[in-house]
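Take 1 as the starting number for the sequence shown in full-length UniProt numbering and just add one per residue. C-beta atoms are modelled at their ideal positions from N, C-alpha and C, and glycine is treated no differently. Small disclaimer: the values here were computed from a predicted structure and weren't measured. What follows is one structure encoded as structure tokens, with my remarks underneath.
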Amino acid sequence: MIDQKHQKLLDHLHICMTKCNHCFNACLKEENVDMMAECIRLDRECAEICSYLQAAITRNSPFIKQLAAVCAEICQTCGEECNKHHHNHCQSCADACFQCAKVCKEIM
């Protein structure tokens, strides 16, 4: 059984992963893809760590706090990068990343 604090984190991880994957795909379709390279890279990193932490929580890993710390850092960094771009998908992703980082820090 997953306790309430972990359920909240699972919800935010899923949202962040989904937003990052959407942003990743949308950035690849932007006119100046080279300008979006760092955003694309960080979207991928963020989606992967969110997915991994989700799996770790569901299997009750003893490393949840440590993984949450790494996830918070990656989410924060991805959010900051996405926030530099005016596209709706980047802004939406940044918001999800910042929220996920905040909830990860609560677990730490």
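Helix, strand or coil: which one does DSSP assign to residue i?
i	result
Met17	helix
Gln3	The question names Gln, yet the displayed sequence has Asp at residue 3. The answer is coil: DSSP assigns Asp3 none of H, G, I, E or B.
Glu30	coil
Met36	helix
Please classify residue i as buried or exposed, where buried requires at least 16 other C-beta atoms within 10 Å of its C-beta.
i	result
Val103	buried
Lys19	buried
residue 109	As displayed, the chain neither begins before 1 nor continues past 108, which places residue 109 out of reach and without an answer.
Ile57	buried
Pro28	As written in the sequence, residue 28 is Leu, which differs from the Pro given in the question. So Leu28 ends up on the exposed side.
Ala37	exposed
Glu106	exposed
Ile2	exposed
Met35	exposed
Report the start-end ranges of each alpha helix (DSSP H) in the segment 42 to 95 that is 4 residues or longer and not cut off at the edges.
64 to 83
Within 8 Å, do at least three Cβ pairs link the segment 74 to 81 to the segment 34 to 43?
yes
If contact is defined by three or more beta carbon pairs under 8 Å, each pair taking one atom from either stretch, is the segment 50 to 67 in contact with the segment 84 to 91?
no
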